């Protein structure tokens, strides 16, 4: 079987669809590995297919761990503005045989993801901004 070289396949993807940077594809690939490890740990070492929603959750966790409060800035620099963009990246990789999918997997799996502000900015907001009706505690 001919092994697919990630960087060669990525060059073809970028030529076909230049919306996202090379770093976005590497990040999604690393996020998939991260998510697979989380799921494997939950399933006592058993490896299984990851759904789009599971990958989105893994991407969220991995992004926050890697970039913290700069996550949205980094993603936007790469051309990623919403969860649908992650779906496009994943399916560009599927179409280039870098990732596998089941018959149930579609790009639409990524349409009902999370809002980037809720997922990546709010975890770093001070409590007063999260709940503006709360009164400050007097010292």
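In the working numbering, the protein residues as written are 39 to 177. Think of the CB as a built atom: it goes at the ideal place given N, C-alpha and C, for glycine as much as any other residue. Just so you know, these numbers come straight off a predicted model, no measurement behind them.
Where does residue i land, buried or exposed, given buried means 16+ other C-beta within 10 angstroms?
i           : result
residue 98  : buried
residue 125 : buried
residue 40  : Residue placement at residue 40 cannot be trusted, given a pLDDT of 49 that sits under 50; what the coordinates show is reported in the next sentence. When all chains shown are included, residue 40 counts as exposed.
residue 150 : exposed
residue 85  : exposed
residue 93  : buried
residue 51  : buried
residue 157 : buried
residue 111 : exposed
Report, in whole angstroms, the separation of the C-beta atoms of residue i and residue j, which I expect to be a contact under 8 Å.
i           : j           : result
residue 70  : residue 88  : 7 Å
residue 59  : residue 116 : 4 Å
residue 120 : residue 154 : 6 Å
residue 127 : residue 62  : 6 Å
residue 100 : residue 72  : 4 Å
residue 44  : residue 136 : 6 Å
Going straight from the alpha carbon of residue i to that of residue j, what length do you get?
i           : j           : result
residue 95  : residue 159 : 15 Å
residue 145 : residue 46  : 23 Å
residue 180 : residue 131 : This structure cannot speak to residue 180, because the chain is shown only from 39 to 177.
residue 122 : residue 91  : 11 Å
residue 169 : residue 139 : 41 Å
residue 162 : residue 109 : 11 Å
Please go through the stretch 95–127 and give each complete alpha helix (DSSP H) segment of 4 or more residues, from N-terminal end onward. Correct list: 109–115.
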